[in-house]
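Participant:
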Amino acid sequence: MKFTEQQLEKAIIQLLGEQGYPHVAGSQITRAPEEVLIKDDLRAFLAKQYKAEGITQGEIDSVIRQLETFPASDLYESNKQLN
626 MKFTEQQLEK AIIQLLGEQG YPHVAGSQIT RAPEEVLIKD DLRAFLAKQY KAEGITQGEI
686 DSVIRQLETF PASDLYESNK QLN
């Protein structure tokens, strides 16, 4: 039996859904095609996740600016800097 890319995509979406990650089709996300970050979602997540620590809007903006400055040319190095 041939395993297609579409079958793989559906399986991964299902597995992530079982872990509590919602699936949103890319066509439903409002952002420019060249934008990698979904800033509104990231802002909401950071505000909720770090509410007890008193994260400020300025700190959230700083995190987003830092993520935007990572070079896309070397994803491996950029990912290492995040961890």
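In our numbering, the protein residues as written are 626 to 708.
All C-beta atoms, glycine included, are put in the ideal place defined by N, C-alpha and C.
Short of 6 Å in beta carbon distance, which residues of its chain neighbour Gly-651, apart from the five on each side in sequence? Order them along the chain.
Facilitator: The residue given as residue 651 occupies position 26 in the sequence shown. So the list is empty, once near-sequence residues are dropped.
Participant: I need the boundaries of the alpha helix (DSSP H) containing Leu-662, first residue and last residue.
Facilitator: As a working mapping, residue 662 is identified with position 37 in the sequence shown. Segment: none, Leu-662 is in no alpha helix (DSSP H) and carries neither H nor E.
Participant: Quick one, are the C-beta atoms of Ile-638 and His-648 less than 7 Å apart?
Facilitator: Start at 1 with the first residue of the sequence shown, and residue 638 comes out as number 13. Start at 1 with the first residue of the sequence shown, and residue 648 comes out as number 23. It is a contact, given that the beta carbons lie within the stated cut-off.
Participant: Let me check understanding here. Comparing Cα to Cα, which of Gln-674, Glu-678, Val-661 and Lys-676 lies closest to Phe-695?
Facilitator: For the purposes of this step, residue 695 is identified with residue 70 of the sequence shown, where counting begins at 1. The shortest Cα separation from Phe-695 among Gln-674, Glu-678, Val-661 and Lys-676 belongs to Val-661.
Participant: What does a CB cutoff of less than 7 Å around Leu-692 pick up in its chain, not counting 5 residues either side in sequence?
Facilitator: As a position in the sequence shown, residue 692 is number 67, starting the count at 1. The residues are Leu-662.
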